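Protein chains in written order, with our numbering: chain A, 1 to 112; chain B, 1001 to 1112. Just so you know, even glycine gets a beta-carbon here, dropped at the ideal spot from N, CA and C. None of these values were measured; they are calculated from a predicted model.
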């Protein structure tokens, strides 16, 4: 079993819909959680960074962490065609020199 | 502007040749990484470095080599021993090993 599981999709939704992207993880030591957006043939860009549990909002994006369920989510409100990309979750532990562990990414398409 | 610069963007190599991919960062980050990304797949870690003059193998180091002589630079050499080198290569850096990573725009290597 992988440490981080992410549904690869593809996921297609109509423009304006709310998108929910999710990752589950098995390592209870993870406390730093990130979401990256990757456009085709480009490097991933950091979208959201959260520490421990709770919600964080930035414009149309909301990151949610539920440590009790080992489950993180990224919500995109009022989705736009420009949101079409692959979204990767990543997480790490603050203990020792642990590297980031990435999900495999979910490919999202917003249909105009 | 602070960031990570990868060059070249596209690279073609004949079979049997070594090739070096460049990665430079001006974020004053201690940690640097090389990932490989194949179509429809997640990120696979090749090598990482926590500090100058030190580096560690990642999950798929065979056929690759790196150096870290300067804090800003972490070049990756794809050797002729790498059996399937055609891929998208991503360099990243982070302040420490377990904090958020920032990526370059990638180098697309094609073996012809």
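- Cβ contact annotation for residue 1100 (chain B) (same chain, cutoff 8 Å, sequence separation greater than five): 1094, in chain order.
- For the pair residue 4 (chain A) and residue 103 (chain A), the CB atoms are nearer than the 8 Å cut-off.
- Residue-level contact check: residue 55 (chain A) does not touch chain B, since none of the beta carbons of chain B fall below 8 Å from its beta carbon.
- In this structure, the alpha-carbon of residue 1065 (chain B) lies about 36 Å from that of residue 74 (chain A).
- DSSP lists A:73 as the beta-bridge partner residues of residue 22 (chain A).
- As computed with DSSP, residue 91 (chain A) is found in a beta bridge with A:33, A:101.
- At a C-beta separation below 8 Å, residue 1018 (chain B) has no neighbours in chain A, since its nearest C-beta there lies roughly 24 Å away.
- Those residues of the stretch 1075-1106 of chain B placed with their C-beta closer than 9 Å to a C-beta in chain A are 1088, 1090, 1091, 1092, 1094, 1096, 1097, 1098, 1099, 1100, 1101, 1102, 1103, 1104, 1105, 1106, ordered along the chain.
- Contact between the stretch 1045-1061 of chain B and the stretch 1070-1079 of chain B is present: 3 or more CB-CB pairs across the two stretches fall below 8 Å.
- Interface residue (Cβ-Cβ distance to chain B less than 8 Å): residue 61 (chain A) is not classified as such.
- Taking 9 Å as the Cβ-Cβ cut-off, the stretch 1048-1061 of chain B approaches chain A at 1048, 1050, 1058, given in chain order.
- Using a C-beta cut-off of 8 Å, the stretch 59-75 of chain A makes contact with the stretch 28-35 of chain A, since at least three inter-stretch Cβ pairs fall below that distance.
- Residue 67 (chain A) places its beta carbon 8 Å or farther from that of residue 84 (chain A).
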